[in-house]
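One point on numbering: in the numbering used here, the residue at position 95 of the sequence shown is 114, and numbering is uninterrupted. The beta carbon of each residue, even a glycine, is placed where N, CA and C say it ideally should be. Report on one structure; see the data block that follows.
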Amino acid sequence: MRYIILSAGIFTCLGSIANAQAFTGGELNIDIYSFSEGESLGAINYAGALEYAVNRNISIAGEFAAYDFDVFDATASSYALHAIYHVNATTSLGVFSGREELENRSIGFTGLEARYEAIDFAVEGYLAEYDGENETSVFSLSGSYFVDDQIAVIGDLGRASQSTDDISRLSVGAEYSFFNGVTLYGEVGTLDVGSVDSSFIGLGAEIEFGRDGGTTFDRRGFFASVVPGI
Numbered sequence: 020m021r022y023i024i025l026s027a028g029i030f031t032c033l034g035s036i037a038n039a040q041a042f043t044g045g046e047l048n049i050d051i052y053s054f055s056e057g058e059s060l061g062a063i064n065y066a067g068a069l070e071y072a073v074n075r076n077i078s079i080a081g082e083f084a085a086y087d088f089d090v091f092d093a094t095a096s097s098y099a100l101h102a103i104y105h106v107n108a109t110t111s112l113g114v115f116s117g118r119e120e121l122e123n124r125s126i127g128f129t130g131l132e133a134r135y136e137a138i139d140f141a142v143e144g145y146l147a148e149y150d151g152e153n154e155t156s157v158f159s160l161s162g163s164y165f166v167d168d169q170i171a172v173i174g175d176l177g178r179a180s181q182s183t184d185d186i187s188r189l190s191v192g193a194e195y196s197f198f199n200g201v202t203l204y205g206e207v208g209t210l211d212v213g214s215v216d217s218s219f220i221g222l223g224a225e226i227e228f229g230r231d232g233g234t235t236f237d238r239r240g241f242f243a244s245v246v247p248g249i
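Here you go:
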C-alpha cells in the first residue's frame with residue numbers, strides 16, 4: 020500500500036513539473052494483469068516517467084513504477100534514469116541505470132537501449148545486466164504497427180537469463196489512442212518459467228503529455244518486461 024500512496028504523490032507532481040519548457044514529455048500508466056490459473060488479479064501496476072531535453076540531440080529521462088502482486092501478497096517498486104542520444108528524427112540510443120525492490124530485497128541494473136520509429140511502425144529493445152551473484156540479464160524487444168492514427172497492433176518479447184532458470188514472456192495485443200493523449204490497450208500472452216507455462220491477459224491505460232507526447236523509451240527492468248503480472 021505504501022508504494023501506491025507514494026506513486027500517487029509522484030504522479031501528481033509529474034504533471035506540474037512537465038510544464039517547464041525543457042521538459043519535452045511525460046506519461047502516466049496503470050495496468051492490470053491476470054493469469055488463467057488464478058482466481059484473482061495477478062497484479063496492478065502504476066508507473067510514471069518524465070523526459071528533459073538538454074539540447075536538440077541529448078535528453079535525460081526518469082521513471083518510477085510500483086507493483087502490487089496479488090498472487091503472493093507482495094509489493095515491489097522500480098526506478099531508472101536514462102541518458103538518451105537522438106541520432107535523428109527516427110533513431111534514438113540510450114544507456115540507463117536503475118534499481119528494483121521487492122519487499123526487503125533490492126538489486127541494481129544497468130543497460131543499453133535503442134529505438135527506431137518510422138511512419139507506420141516502431142521498434143525498441145534493450146539489454147540489462149543485474150548486480151549480484153545470480154548473473155541475471157534481461158533482454159526485451161517490443162514493437163508497434165500503426166494501422167491508422169488511433170489503432171496499433173503491439174507485441175512484446177522479454178527474457179531473463181539467470182544462473183538457475185530462464186524466464187521468458189511473449190505477448191501480442193492492440194491499443195487505441197484518443198486524440199487527447201489517452202491510450203487504452205490490451206494484450207494476451209504466455210509466461211514460461213523453466214518447464215512451466217502460464218497464459219495471461221493484461222489491460223491498461225496511459226496518459227501522455229508534454230510537447231513530444233510521452234517519453235522516448237518504455238519502462239525497464241525484470242518486473243516491467245518479463246513478469247509484470249506474476
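- In the DSSP assignment, residue 227 is bridged to 46.
- In the DSSP assignment, residue 242 falls within the alpha helix (DSSP H) that extends over 241 to 244.
- By the beta-carbon neighbour count (other beta carbons within 10 angstroms, threshold 16), residue 234 is buried.
- Restricted to the segment 90 to 128, not a single alpha helix (DSSP H) segment is unbroken, complete and at least 4 residues in length.
- Contact between residue 226 and residue 47 holds, since their C-beta atoms are separated by about 5 Å, short of 8 Å.
- Ranking 42, 218 and 125 by CA distance to the CA of residue 54 puts 218 first.
- Contact check for residue 64 against residue 86 passes: the beta carbons are separated by less than 8 Å.
- In this structure, residue 206 sits near residue 173, with a CB-CB distance shorter than 8 Å.
- Contact between residue 131 and residue 159 does not hold, since the beta-carbon distance rounds to 12 Å and is not under 8 Å.
- Taking C-beta atoms as the reference points, residue 103 and residue 111 count as a pair closer than 8 Å.
- The straight-line gap separating the alpha-carbon atoms of residue 165 and residue 79 is approximately 27 Å.
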